Amino acid sequence: MKITIAVLLFLVAAAGQAQTYPSRPIRVVVPYTPGGPADLLARGMGQKLTETWGRQIIVENKPGANEIIAAQDIAKSPADGYHYLLASDAVFSLNQYLYSRLPYDPAGDFTPVSRLVTANLMLVARTDFPASSVRALVDYARKNPGKINYGSVGAGGVNHLAMAWFNTLNGLDMQHVAYKGLVQGLQDIMT
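Here numbering that gives the first Met the number 0 is used: the first residue of the sequence shown is 0, the next is one more, and so on.
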C-alpha cells in the first residue's frame with residue numbers, strides 16, 4: 000500500500016512538472032490609457048517576462064470608470080493564473096465607498112500577487128504660472144476664484160479627491176478637468 004501511494008505521488012508530481020507554467024500567453028489588463036506610467040510598467044515587465052518564459056505577455060488597456068471597467072474584466076475572467084490586473088489600490092479600497100454598487104467584489108474576486116510601485120501625489124504647474132509655492136497658489140487662487148483649472152485622470156480618483164479636499168481646506172474655487180489618461184493631461188499642461 001505504501002509503495003502504491005508513493006508511486007501515485009511520484010506520477011502526480013511528474014505530471015505537474017510536465018505542465019510548466021506558463022503554457023500559453025498571459026493577459027495583463029491596465030485600467031489606464033496607453034503611454035502612462037502603469038502602461039509602461041506593464042509593457043516593460045511583459046517584455047522581460049516574455050523573454051524569460053518564452054510566452055507572450057499581452058497588455059490590454061481598458062481605461063475608464065475609475066478602473067472599474069478593467070477590474071470587472073479580470074473579475075469575470077477565469078482564475079487560472081493567465082489573467083492579471085495592474086491597478087491602483089482604489090480598485091480595492093476607494094471605489095467601494097464612491098459607488099453604491101460595483102460589478103466586482105473587492106475582497107472576494109481578487110488575490111493580491113505583489114505591490115509593484117508606490118507613488119506620491121504631486122502638485123505641478125507650468126514654469127510661467129504666477130505661483131511657485133503652495134502658499135502662493137492659495138493666495139493666487141483666492142484672488143482668482145473659478146479661474147484656475149486642475150487636472151486629474153478621471154473623476155473620483157485619488158488625485159481628483161486630493162485636490163477637491165485641498166480646495167475645501169483652503170476655501171478655494173479651482174475647477175476640475177477630468178482627463179482620460181495622464182498623457183493627455185500632461186500634454187495640456189505643456190501647451
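A virtual CB, placed ideally from N, CA and C, is assigned to each residue, including glycine.
Note that the coordinates shown come from a computational prediction; the quantities given were computed from them, not determined experimentally.
In this structure, the alpha-carbon of GLU66 lies about 14 Å from that of GLY35. Separation of the CB atoms of GLY155 and LEU97 is rounded to 5 Å, and the pair is thereby assigned contact status at 8 Å.
GLY80 carries a coil assignment under DSSP once its states are collapsed to helix, strand and coil. In the structure shown, VAL28 adopts extended strand secondary structure according to DSSP, grouped into three states. DSSP places ASN166 inside the alpha helix (DSSP H), whose first and last residues are 157 to 169.
For the set ALA86, ALA78, GLU50, GLN186, the Cα lying nearest the Cα of GLU59 is the one of ALA86. In this structure, the beta-carbon distance from ILE56 to GLY45 falls below 8 Å. Counting C-beta pairs closer than 8 Å gives fewer than three between the segment 130 to 146 and the segment 100 to 119, which falls short of the contact rule. Of all alpha-carbon atoms in TYR178, VAL137, PRO144, ASP127, the one lying nearest the alpha-carbon of LEU168 is that of VAL137. Pairing ASP79 with ALA118, the inter-Cα distance amounts to about 29 Å.
Shown here, ALA177 sits in a strand according to DSSP, grouped into three states. Note on geometry: alpha-carbon atoms of TYR139 and LYS146 lie some 10 Å from one another. Taking the C-beta atoms as reference points, PRO62 is found nearer than 8 Å to PRO30.
A buried status is given to TYR149, since no fewer than 16 other beta-carbon atoms sit within 10 Å of its beta-carbon. Taking all protein chains in view, the Cβ of SER151 is crowded by 16 or more other Cβ atoms within 10 Å, so the residue is classified as buried.
If the five residues before and after VAL116 are omitted, its C-beta is found closer than 7 Å to the C-beta atoms of LEU40, all from its own chain and listed in chain order. Per DSSP, reduced to three states, the secondary structure at TYR96 is helical. Per DSSP, reduced to three states, the secondary structure at ASN119 is coil, with no helix or strand assignment. In the DSSP assignment, TYR149 falls within the beta strand (DSSP E) that extends over 148 to 152. Where GLU50 is concerned, the enclosing alpha helix (DSSP H) starts and stops at 36 to 52.
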